[in-house]
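Chemist:
There are 4 protein chains.
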Amino acid sequence: MENRHSLEEEKVFKDPVHKYIYVQDQLIWNLINTKEFQRLRRIRQLGTSYLTFHGAEHSRFSHSLGVYEITRKVISQFERGGYQDWPKEEKLVTLCAALLHDIGHGPFSHSIEEVFDMNHEEWTCRILLESTEINRVLLEYDPLLPERIAAVIRKTYDKPIVVSLVSSQMDADRMDYLLRDAYYTGVNYGTFDLERILRVLRPHQGRIVVKESGMHAVEDYLMSRYQMYWQVYFHPVTRSSEIILRQIFRRAKELYGGNYTFSWIINPIEQLLNDSIDLEAYLSLDEALIQTAFSQWVKESDELLADLCERFLNRRLYKYVTMDHADEELWADIRDQFLAIGLHPDYHLEIDFPYDMPYDVYRPGTLHNDLDKEDKPPILLLDQDQQLSEISERSDIIRSITGLHQGKYHLYYPEEPLLESLHKLQPHIRELFGFM
Amino acid sequence: MENRHSLEEEKVFKDPVHKYIYVQDQLIWNLINTKEFQRLRRIRQLGTSYLTFHGAEHSRFSHSLGVYEITRKVISQFERGGYQDWPKEEKLVTLCAALLHDIGHGPFSHSIEEVFDMNHEEWTCRILLESTEINRVLLEYDPLLPERIAAVIRKTYDKPIVVSLVSSQMDADRMDYLLRDAYYTGVNYGTFDLERILRVLRPHQGRIVVKESGMHAVEDYLMSRYQMYWQVYFHPVTRSSEIILRQIFRRAKELYGGNYTFSWIINPIEQLLNDSIDLEAYLSLDEALIQTAFSQWVKESDELLADLCERFLNRRLYKYVTMDHADEELWADIRDQFLAIGLHPDYHLEIDFPYDMPYDVYRPGTLHNDLDKEDKPPILLLDQDQQLSEISERSDIIRSITGLHQGKYHLYYPEEPLLESLHKLQPHIRELFGFM
Amino acid sequence: MENRHSLEEEKVFKDPVHKYIYVQDQLIWNLINTKEFQRLRRIRQLGTSYLTFHGAEHSRFSHSLGVYEITRKVISQFERGGYQDWPKEEKLVTLCAALLHDIGHGPFSHSIEEVFDMNHEEWTCRILLESTEINRVLLEYDPLLPERIAAVIRKTYDKPIVVSLVSSQMDADRMDYLLRDAYYTGVNYGTFDLERILRVLRPHQGRIVVKESGMHAVEDYLMSRYQMYWQVYFHPVTRSSEIILRQIFRRAKELYGGNYTFSWIINPIEQLLNDSIDLEAYLSLDEALIQTAFSQWVKESDELLADLCERFLNRRLYKYVTMDHADEELWADIRDQFLAIGLHPDYHLEIDFPYDMPYDVYRPGTLHNDLDKEDKPPILLLDQDQQLSEISERSDIIRSITGLHQGKYHLYYPEEPLLESLHKLQPHIRELFGFM
Amino acid sequence: MENRHSLEEEKVFKDPVHKYIYVQDQLIWNLINTKEFQRLRRIRQLGTSYLTFHGAEHSRFSHSLGVYEITRKVISQFERGGYQDWPKEEKLVTLCAALLHDIGHGPFSHSIEEVFDMNHEEWTCRILLESTEINRVLLEYDPLLPERIAAVIRKTYDKPIVVSLVSSQMDADRMDYLLRDAYYTGVNYGTFDLERILRVLRPHQGRIVVKESGMHAVEDYLMSRYQMYWQVYFHPVTRSSEIILRQIFRRAKELYGGNYTFSWIINPIEQLLNDSIDLEAYLSLDEALIQTAFSQWVKESDELLADLCERFLNRRLYKYVTMDHADEELWADIRDQFLAIGLHPDYHLEIDFPYDMPYDVYRPGTLHNDLDKEDKPPILLLDQDQQLSEISERSDIIRSITGLHQGKYHLYYPEEPLLESLHKLQPHIRELFGFM
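Protein chains in written order, with the working numbering: chain A, 735 to 1170; chain B, 735 to 1170; chain C, 735 to 1170; chain D, 735 to 1170.
1. For ASN869 of chain D, I'd like the list of residues in its chain whose CB is within less than 8 Å of its CB, leaving aside the five on either flank, ordered along the chain.
2. To the nearest angstrom, report how far apart ASP876 of chain D and LEU1083 of chain C are at their CA atoms.
3. Among B:TRP1031, B:LEU1017, B:GLN1005 and B:VAL934, which one has its Cα closest to the Cα of LEU676 of chain B?
4. Could you tell me the distance, in whole angstroms, from the CA atom of HIS792 of chain B to the CA atom of ILE846 of chain D?
5. Roughly how many angstroms separate the alpha carbons of ASP749 of chain D and ARG776 of chain A, rounded to a whole number?
6. With 16 other CB atoms within 10 Å as the buried threshold, where does ASP836 of chain D fall?
7. Which term fits ASP1009 of chain D, buried or exposed, when burial requires 16 or more other beta carbons within 10 angstroms of its beta carbon?
8. Compute the Euclidean distance between the alpha carbons of GLU1034 of chain C and PHE842 of chain C, then round it to the nearest angstrom.
9. Beta-carbon of LEU955 of chain D versus every beta-carbon of chain B: anything under 9 Å?
10. Short of 6 Å in beta carbon distance, which residues of its chain neighbour ILE1011 of chain D, apart from the five on each side in sequence? Order them along the chain.
11. On the CB-based measure, 16 or more other CB atoms within 10 Å of its CB, does MET735 of chain B come out buried or exposed?
12. Exposed or buried, what is ASN922 of chain B when buried is set at 16 or more other beta-carbons lying within 10 Å of its beta-carbon?
13. Can you tell me where the beta strand (DSSP E) with THR768 of chain A in it begins and where it stops?
14. Just to confirm before moving on: does the CB-CB distance between TRP1065 of chain A and PRO937 of chain A stay below 9 Å?
15. Taking ILE1003 of chain C as the reference, give the member of C:TRP763, C:TYR994, C:THR995 and C:SER1018 with the closest Cα.
16. Within the same chain, show all residues whose beta-carbon is closer than 6 Å to that of GLY990 of chain B, passing over the 5 residues directly before and after it, in chain order.
17. Just verifying my parser: in three-state terms, what is the DSSP assignment at LYS825 of chain B?
18. Under 8 Å, CB to CB, which of the residues in the segment 740-760 of chain D have a partner in chain C?
19. Whole-angstrom Cβ separation of LYS1110 of chain D and GLN903 of chain D, contact assumed at under 8 Å?
20. Verify the CB distance criterion: does ARG775 of chain A have a CB-CB separation below 9 Å to chain B?
21. Within 10 angstroms of its Cβ, does GLU976 of chain A collect 16 or more other Cβ (buried), or is it exposed?
22. Below 7 Å on C-beta distance, what does GLU929 of chain D contact in chain B?
23. Counting only the same chain and skipping the five closest in sequence on each side, list residues whose C-beta sits under 8 Å from that of LYS893 of chain C.
24. Output yes if chain A places a C-beta closer than 9 Å to the C-beta of ARG936 of chain C; else output no.
25. So with CB distances below 7 Å, who are the chain B contacts of TYR1146 of chain C?
26. Using the three-state DSSP reduction, which class does HIS839 of chain C fall into: helix, strand or coil?
27. Output the distance between the C-alpha atoms of LEU1039 of chain C and TYR754 of chain C, rounded to the nearest integer angstrom.
28. Between the alpha carbons of ALA906 of chain D and ASP1094 of chain D, how many angstroms are there, rounded?
29. Would you please state the rounded distance, in angstroms, between the beta carbons of LEU785 of chain B and VAL971 of chain B? I believe it to be under 8 Å.
30. Is it true that the CB of GLU953 of chain D sits closer than 9 Å to the CB of ILE804 of chain D?
31. For LEU774 of chain B and LEU1023 of chain B, what's the separation of their Cα atoms in angstroms?
32. Within a Cβ cutoff of 8 Å, which residues of the same chain sit near LEU855 of chain D, ignoring the five residues on either side of it in sequence?
33. Taking 9 Å as the CB-CB cut-off, is LYS769 of chain A touching chain B?
34. Where do the N-terminal and C-terminal ends of the alpha helix (DSSP H) with ILE777 of chain A fall, by residue?
35. Can you check whether the CB of GLN779 of chain B is closer than 9 Å to the CB of LEU796 of chain B?
36. Within 10 angstroms of the Cβ of ILE1126 of chain B, are there 16 or more other Cβ atoms? Answer buried if so, exposed if not.
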């Protein structure tokens, strides 16, 4: 009866990162063809990064297929190796969770989630469990499947090894996005030897561990991650565009909550501003809709909103200066002077402080950046005597990047209005912004 | 005074295809930062191909930078070689024309141009010559510049060698798109040795010719082009999505011309349907706007329009069968039967016949496909005695792909309604569509 | 009992072309570790091509592993597909034949085989069948194995599909060498989509055929082959070095047959010159030995031999001029004049005429170049109705390269002695060699 | 007069790592064509590494061209940038030094230099200064050139910036070998963004420094270096083959110093064993000669020498076990037991302890491994205010790899004789070697 679920002939997708992506199960094929999954084609994987790296225009659709493919390869290797600790019957649940783990993402999700206090994992679970094509496809296969996959997403699934494949410090998600983002941006920091890493992974007592001989390959992978964070994901131009994006949403929400009447609006965005968005409206939110709203709002009577939208669309981003240390007094001073020259400090000044935890051994549950919210179990090495050790105990390199890494303070601001009121600024502020 | 126009420090863009793109002139930098050029970020280079090759999500912005960069490299090689036949003073005009040659493209331009009888080259000239940021930047540099660049685009420029660099059978445009489309789709048919081709190009009596020793490199380039056409650009799934796109526009135009009232419409699209679109509206047409319209039209009361939009957004494309020869009688028969089961043959059946002229020596000015409308001068080889010869006289390979190449006839149709009315179809029609 | 022959843990070789090469059978592992197979490390895959493309220093050892790996992948795909026409029990014989098909190659084998009238396939069979480590390893596994593999090499094996995998117009041998030679020379003509080609191969009634949808992939592969022949394998600088190599052997043989006493010689070379080389001596012939002989012979009293060796070692190759047509009269004239100025026309003038049959449909059994001596069955396409058609009937591209392709006539000669006696040459000869 | 030295048309070499290598000066072209430079084709870049990574068969010829090309690119960037601190007149000396810096290398030079107490830099200077083709070519150009280049090699040249380009912690030599060795082995640890690194190098007060914004690019480069050392250069299989090589030389020298008569020897090797090798003999030492000697010595009556040679040629290398800490007592014990079972502990046991200094800030002049013998100045960052800072002060990553890195102790030994005398070994020794 297994054959009922196999495709007569395997389907392939041409993929620049993995060469080909192989689909062998009817269920996976059907999931890809749902409208919720096709919607991921209209959401960029890297949000606004294309404004910095023009090649980074790839979608979450591509990435989701890639996560599926890496997971398929890991499982296939576990099956070929005949390892007892891999529960074979979990294959399809794992593949579905890998494919669908990002299904709840909306457009520019980090910004939207922050301003509207949402969470894409909750949306993922709703899409799995409520009335959607995905839910229907899963139910047809097995009535328990939606709940099982949702449990994997929530990390409460009773086979932790499945969770570990889909979400851990060395999961299929990260492996795909590092390789894919490197490919599309054109940088070569994100490249590591995927085939070798896959070969040293082992299922072991409910978790995925790494054969000792693979330690250097893991070092290389973690260094790739570190470099991608500091050189791509935290690029100041990208941060500047994210700030503007966030301020557009903040301003629109503020106006909506006041007495302002938008000259143009569309239902899903109205629900969004209203903090009452339902699943159907959420699923119709895509980058096309957001960009269309911005291109209409350029003509709004609220000058601040119109200006922010114009900046975003035409890439007239905020400039920035950097500071090594926090200086609350100075910042308050800048805000005062901005006010004095007619700027809105809440919108025209933003202090950004990027930090990252490339590898986390201590599980502190404390300060983390928003890209890595949860506690993650450490990466373990398995030696020839079947003993486990935590990898940063063995590698100087990994120890050096363990824990929090911080960058400089970045002050973002619009240059043009400052230039116009230069003479009204105090000299030390003028100097700070590079005007003599 | 030349220095007035050089950037203090050259700017670089990270590019996956050329590694880096170097900008050394203030003028080029200013052009890139205009809103008309930034708009190209919102228009995909390959239209609907991303529905076939999910990686092909790159924009005309990336491609335009690439064309500029290849042109910059060719000119730089000409300058290093000190060739007399290269008019040095044409450098900046050539670079601008290379950068801006696609500025008039709208979203999904092949479909829109066909349905609304427009031409992106005309739009390019209007953007150069009418009131735009690009026009202003050019004028500031030199009042004659807009007209000169427009002349290059129209191929009437008095230095034909400049036209030849920007538009010929081996121009910077084609070289970039083959390499770029290959990179983003992930196929490797489009790869050829750009560095070698650049090294064998020579300016010669008003045209660009190829050093004899580069013949095999040109063969390789033309074969890449041939393979990309048949394996990527003419892929039946892409054609199917283009057909649906075209039918959406046709249907909307038909409805607009009738008494139909759209439940949702937006100004630039209304102008488009009205055949009266002005430059400002044209410039606000981007893929975001088009996709937003489609996602709204899914809810239109016209079922045909709603169905076509739903098909496009959720990738429920038409299926196809192939036929070796034209059979007008059979096609009329199919149309009749489609009518009989309640289908609209004008929208539910489309016969497509891809053909291409990978290399054209005869300049016949007759039948051409829409991707290569104009007569193109042949590629010439320059031997050691400074004699020229047409390349297909020298290469068997090139002779074999010279002239028209035709594929099979493809009949595209929606599968679901046929399935529902199967019993009403005649047996030979059922068999044709693969139902027994 | 199958397990007896599987390795406990699969072994991998890091390979630049295939990323990794996987060894899963103890027998394959043991064969690789024989001294006859290790000897292939001391024989370059491309003979003298490293004198033209300095990167082409790779050995037959690397290539042999690559042929094995491609064969392994094809068989693995056949097994996954469950095709009835693939005889599963032939797997190991096929892998062994793939791995060992080049085991009989000596150093610079094309030159040596020509001068000494030998044939590497005969040596391959002797190594399989006579007293060698390889023979012993095979016998231990199965007493019939040496003869079965030899039959595959001789193309007399009773399962023609096995022969077809190892030796045909699209065999694992060619696929690996095109990719590998392209990688090591650094040209990109030889790259084609191996993964796609592997996916469209099908076992069908005793032969390997290609699924119809793979036609363009085969075109691409054959074009790669065509380009590699004309741009790499037939490069005039490589031909020049092969000519000198051949003349060294000819001269040494001539001297040995006369009364000349070599001031330095070593046993295997003596046997070689004597036309009486036995298997042990043959196996000790490697490039190190040949180059050592040449570096000693630089000091021989025979000036011609010393000069040829010096030319080879220090890359002082013959120059060449090209002619479009044969001109026996002119060539006789040149020989006379060479004699008159004290040159040896037999050694100082060589007329070379490269030709190739990139794809052969006619099986003529007539004129062929030495790289493709035997008749090869044509490549067949398998359509959806299980009908076969010969590929050049379907593809213009392939038709254009079918049959014999010829280059120009190349006259190779030493430049220095001509320069010294320039005044003694007739004007039309001077002009021919580019001296005014 | 400058033109006198430019080539009429630039020459190119196809190179897999840099795509093309451009030669624009007649002097460089003439140097490449000397017999001393051509000899580098017969010496592998990575010594015995091809026994571990079969693709690593590339020669010092390829690498030397690569170092030249990187240096050419750096200088070209300095010239385009118009930096005052780059002494333009040093271009040709720098290019020559880059091209020739490895000219003194012999075959397997680390082993030979150790056993025979030689130094390839001294040989390089002798080749520059004594009677060679290289010396003659340089003298013809400028009588002072040989001495100037030798001064660069010796690091005594009066323009330290030239020395710094050719030999420092981020010199053209290292950049090429990391990229090249990664390419030919097929690993991807050695890849870093060369183009970006070249763009951030600046000449500054007699040294090469790095623009501050290039810090992450340097991190990436140093990590590549770190990974290549531990995963490629220190691979235990390579070390094992180097140990056998060294022991062959030691044994041959010992026999030569005793009363032993070699049944086969050849002059340059006799001089080598005699510690009296002259320049001409040294230049005739290549890997072909060494391998020919080994293949003859397999038949020597000294069993130890014959066995070692057989091991090297047929890749029957020593096995190894690892220990975390030194244990002199245990090692003495092993030696005693080896003696007791008839082994030669001096030849049959070698304890190896790899260590490396990936980046050295302290210039301690103390313990260093043999690949980085000399003190190296640290890498400096240049910030926007023209202030310099040492890079490890700024980068956690670089700080983590600064200073000495040590591996485990490796004990190498021949497995077969141990197996034969297993019962005579004490249990704890048996266990150590993995026999139960």
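Glycine included, every Cβ here is placed at the ideal spot set by N, Cα and C.
Modeler: Put simply:
1. One-based indexing of the fourth sequence puts residue 869 of chain D at position 135. Within the same chain, Cβ atoms closer than 8 Å to the Cβ of ASN869 of chain D are found at ILE861, LEU862, LEU863 and PRO880, the five residues on either side in sequence being excluded.
2. Position 142 of the fourth sequence, counted from the start, is the residue given in the question as residue 876 of chain D. Position 349 of the third sequence, counted from the start, is the residue given in the question as residue 1083 of chain C. Rounded to the nearest angstrom, the gap between the Cα atoms of ASP876 of chain D and LEU1083 of chain C is 38 Å.
3. An answer regarding residue 676 of chain B cannot be provided, because it is not within the stretch 735 to 1170 covered by chain B.
4. Position 58 of the second sequence, counted from the start, is the residue given in the question as residue 792 of chain B. Position 112 of the fourth sequence, counted from the start, is the residue given in the question as residue 846 of chain D. If you draw a straight line from the Cα of HIS792 of chain B to the Cα of ILE846 of chain D, it comes to about 55 Å.
5. Looking up residue 749 of chain D in the fourth sequence gives position 15. Looking up residue 776 of chain A in the first sequence gives position 42. About 41 Å.
6. The residue labelled residue 836 of chain D in the question sits at position 102 within the fourth sequence. Flag for ASP836 of chain D reads buried.
7. Start at 1 with the first residue of the fourth sequence, and residue 1009 of chain D comes out as number 275. Exposed, because fewer than 16 other Cβ atoms sit within 10 Å of the Cβ of ASP1009 of chain D.
8. If you number the third sequence from 1, residue 1034 of chain C lands on position 300. If you number the third sequence from 1, residue 842 of chain C lands on position 108. Distance between the alpha carbons of GLU1034 of chain C and PHE842 of chain C: 22 Å.
9. As a first step, residue 955 of chain D is located in the fourth sequence; it is residue number 221 there, counting from the start. Going by the sequence as given, residue 955 of chain D is Tyr instead of Leu. Contact of TYR955 of chain D with chain B is not assigned, every C-beta pair being separated by 9 Å or more.
10. For the purposes of this step, residue 1011 of chain D is identified with residue 277 of the fourth sequence, where counting begins at 1. GLN1005, listed in sequence order.
11. On the second sequence, position 1 is the one that residue 735 of chain B refers to. Only weak support is given to the placement of MET735 of chain B: the predicted model assigns it a pLDDT of 34, under 50, and the value that follows is read from those uncertain coordinates. MET735 of chain B is classed as exposed because its beta carbon has fewer than 16 other beta carbons within 10 Å across all chains shown.
12. In the second sequence, the residue the question calls residue 922 of chain B occupies position 188. So ASN922 of chain B ends up on the buried side.
13. The residue given as residue 768 of chain A occupies position 34 in the first sequence. Taken as a continuous stretch (DSSP letters only), THR768 of chain A belongs to no beta strand (DSSP E), as it is neither H nor E.
14. Stepping through the first sequence from its first residue, residue 1065 of chain A is reached at position 331. Stepping through the first sequence from its first residue, residue 937 of chain A is reached at position 203. Contact flag unset, no.
15. Position 269 of the third sequence holds residue 1003 of chain C. For ILE1003 of chain C, the nearest C-alpha among the options comes from C:SER1018.
16. In the second sequence, counting from the first residue as 1, residue 990 of chain B sits at position 256. Strictly speaking, residue 990 of chain B in this sequence is Tyr, with Gly absent from that position. If the five residues before and after TYR990 of chain B are omitted, its C-beta is found closer than 6 Å to the C-beta atoms of LEU1007, all from its own chain and listed in chain order.
17. Taking the second sequence and counting its residues from 1, the one referred to as residue 825 of chain B is at position 91. Of the three classes helix, strand and coil, the one that applies to LYS825 of chain B here is helix, per DSSP.
18. Listed by position, the residues of the segment 740-760 of chain D near chain C (Cβ gap below 8 Å) are PHE747, LYS748, ASP749, PRO750, VAL751 and LYS753.
19. For the purposes of this step, residue 1110 of chain D is taken as the residue at position 376 of the fourth sequence. For the purposes of this step, residue 903 of chain D is taken as the residue at position 169 of the fourth sequence. Your pair LYS1110 of chain D and GLN903 of chain D checks out as a contact, with CB atoms roughly 5 Å apart and the cut at 8 Å.
20. Looking up residue 775 of chain A in the first sequence gives position 41. At least one chain B Cβ lies under 9 Å of ARG775 of chain A.
21. Here residue 976 of chain A refers to the residue found at position 242 when the first sequence is read from its first residue. Burial of GLU976 of chain A is indicated by the presence of at least 16 other C-beta atoms within 10 angstroms of its C-beta.
22. Translated into positions along the fourth sequence, residue 929 of chain D becomes position 195. The contact set of GLU929 of chain D on chain B, defined by CB atoms closer than 7 Å, consists of LYS753 and TYR754 in chain order.
23. One-based indexing of the third sequence puts residue 893 of chain C at position 159. Excluding residues within five positions, the ones whose Cβ falls inside 8 Å are PRO821, GLU824 and GLY940.
24. Working through the third sequence from its first residue, we reach residue 936 of chain C at position 202. Any Cβ of chain A closer than 9 Å to the Cβ of ARG936 of chain C would place that residue at the interface, and such an atom is absent.
25. Against the third sequence, residue 1146 of chain C aligns to sequence position 412. Counting only Cβ-Cβ distances below 7 Å, TYR1146 of chain C has no contacts in chain B at all, with the closest Cβ about 18 Å away.
26. Along the third sequence, read from residue 1 onward, the residue named residue 839 of chain C stands at position 105. In the three-state reduction of the DSSP assignment, HIS839 of chain C falls in the coil class.
27. The residue labelled residue 1039 of chain C in the question sits at position 305 within the third sequence. The residue labelled residue 754 of chain C in the question sits at position 20 within the third sequence. Cα to Cα, LEU1039 of chain C sits roughly 44 Å from TYR754 of chain C.
28. The residue labelled residue 906 of chain D in the question sits at position 172 within the fourth sequence. The residue labelled residue 1094 of chain D in the question sits at position 360 within the fourth sequence. Just so you know, the alpha carbons of ALA906 of chain D and ASP1094 of chain D end up roughly 18 Å apart.
29. Translated into the one-based positions of the second sequence, residue 785 of chain B becomes position 51. Translated into the one-based positions of the second sequence, residue 971 of chain B becomes position 237. Contact between LEU785 of chain B and VAL971 of chain B holds: their C-beta atoms lie close to 7 Å from each other, under 8 Å.
30. For the purposes of this step, residue 804 of chain D is taken as residue 70 along the fourth sequence, with counting starting at 1. For the purposes of this step, residue 953 of chain D is taken as residue 219 along the fourth sequence, with counting starting at 1. 9 Å or more divides the Cβ of ILE804 of chain D from the Cβ of GLU953 of chain D.
31. Your numbering for residue 774 of chain B matches position 40 in the second sequence. Your numbering for residue 1023 of chain B matches position 289 in the second sequence. Using only the alpha carbons, I get a separation of about 13 Å.
32. Taking the first residue of the fourth sequence as position 1, residue 855 of chain D is located at position 121. The sequence as given places Glu at residue 855 of chain D; Leu does not occur at that position. Only GLY838, ILE887 and ARG888 meet the Cβ criterion.
33. Mapped onto the first sequence, residue 769 of chain A falls at position 35. For LYS769 of chain A, the answer is yes, since a Cβ of chain B falls inside 9 Å of its Cβ.
34. Here residue 777 of chain A is taken as the residue at index 43 of the first sequence, counted from 1. Careful: ILE777 of chain A lies outside any alpha helix (DSSP H) and carries neither H nor E.
35. For this step, residue 796 of chain B is matched to residue 62 along the second sequence. For this step, residue 779 of chain B is matched to residue 45 along the second sequence. The sequence shown places Ser at residue 796 of chain B, rather than the Leu named in the question. In this structure, GLN779 of chain B lies closer than 9 Å to SER796 of chain B by Cβ.
36. Along the second sequence, one-based indexing puts residue 1126 of chain B at 392. Strictly speaking, residue 1126 of chain B in this sequence is Ser, with Ile absent from that position. Burial is judged here by how many other beta carbons sit within 10 angstroms of a residue's own beta carbon; SER1126 of chain B has at least 16 and is buried.
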